[in-house]
Amino acid sequence: HPSSSRVFISNIPIKPKKLSKRVTVYEAISDLDERNDIPNNEKYELNEKKLLRVSKLSYGDYLTMYRSADRNIPLYTRLNPYDLAPTVLGNSRFVHPFHDRFLTVREQARLMSFPDHHIFLGSRDEQYNQIGEAVPVVLSSVIAKEVLGVINERTIFRPS
Numbered sequence: 162h163p164s165s166s167r168v169f170i171s172n173i174p175i176k177p178k179k180l181s182k183r184v185t186v187y188e189a190i191s192d193l194d195e196r197n198d199i200p201n202n203e204k205y206e207l208n209e210k211k212l213l214r215v216s217k218l219s220y221g222d223y224l225t226m227y228r229s230a231d232r233n234i235p236l237y238t239r240l241n242p243y244d245l246a247p248t249v250l251g252n253s254r255f256v257h258p259f260h261d262r263f264l265t266v267r268e269q270a271r272l273m274s275f276p277d278h279h280i281f282l283g284s285r286d287e288q289y290n291q292i293g294e295a296v297p298v299v300l301s302s303v304i305a306k307e308v309l310g311v312i313n314e315r316t317i318f319r320p321s
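Residue numbers (our numbering): 162 to 321.
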């Protein structure tokens, strides 16, 4: 399909309030381990070779490096449960902090603040990519509120 690019340009100053508390990986995903009633939370088995490699990863270690045009991106990083998640990119895949498996689509979506009722469609890779290409839901909401506030302010005070 054709190449696409996205640009967000605004002359609206966006100054969101800082969060008083940041959410750790553990806080974001710990309740999902035994949940089978939430969409996109299916676990899949690793082959023996990958399982052996994953089992040796410590927090922050990764299996391989993806070389993009301008930087190197670690793939299959074991997350530290007591830290913030790294940036989720379109091709990001993470290893569960406590289990020798990759995160489910839902676990990865939680890192990006998607609500559990949001359902991702397509192949598993497409679902992961949808999450990684998105702006985190909490951030999108803050930006939208700031922009809406400015639009409403300009509409109300527009000179006749």
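Where is the CB? At the ideal position from N, CA and C, for every residue including glycine. Just so you know, these numbers come straight off a predicted model, no measurement behind them.
Across the set Phe263, Leu300, Gly310 and Arg271, the C-alpha of Phe263 shows the shortest separation from the C-alpha of Leu207. Between Arg232 and His278, the alpha-carbon positions lie close to 34 Å from each other. Nearest to Thr238 by C-alpha distance, out of Tyr289, Val296 and Tyr220, is Tyr220. In the assembly as shown, Met226 is an exposed residue. Its beta-carbon has fewer than 16 other beta-carbons within 10 Å.
In this chain, the beta strand (DSSP E) harbouring Tyr237 covers Asn233 to Arg239.
Each of Ile312, Lys306 and Thr316 was checked against the Cα of Lys178, and the nearest Cα belongs to Lys306.
Excluding five sequence positions before and after Ile190, the CB atoms of its chain that fall closer than 6 Å to its own CB belong to Glu268 and Arg271, given in chain order. Contact between the region 196-205 and the region 279-295 is present: 3 or more CB-CB pairs across the two stretches fall below 8 Å.
In summary, Pro258 is buried, with 16 or more beta-carbon neighbours lying within 10 Å of its beta-carbon over all protein chains present.
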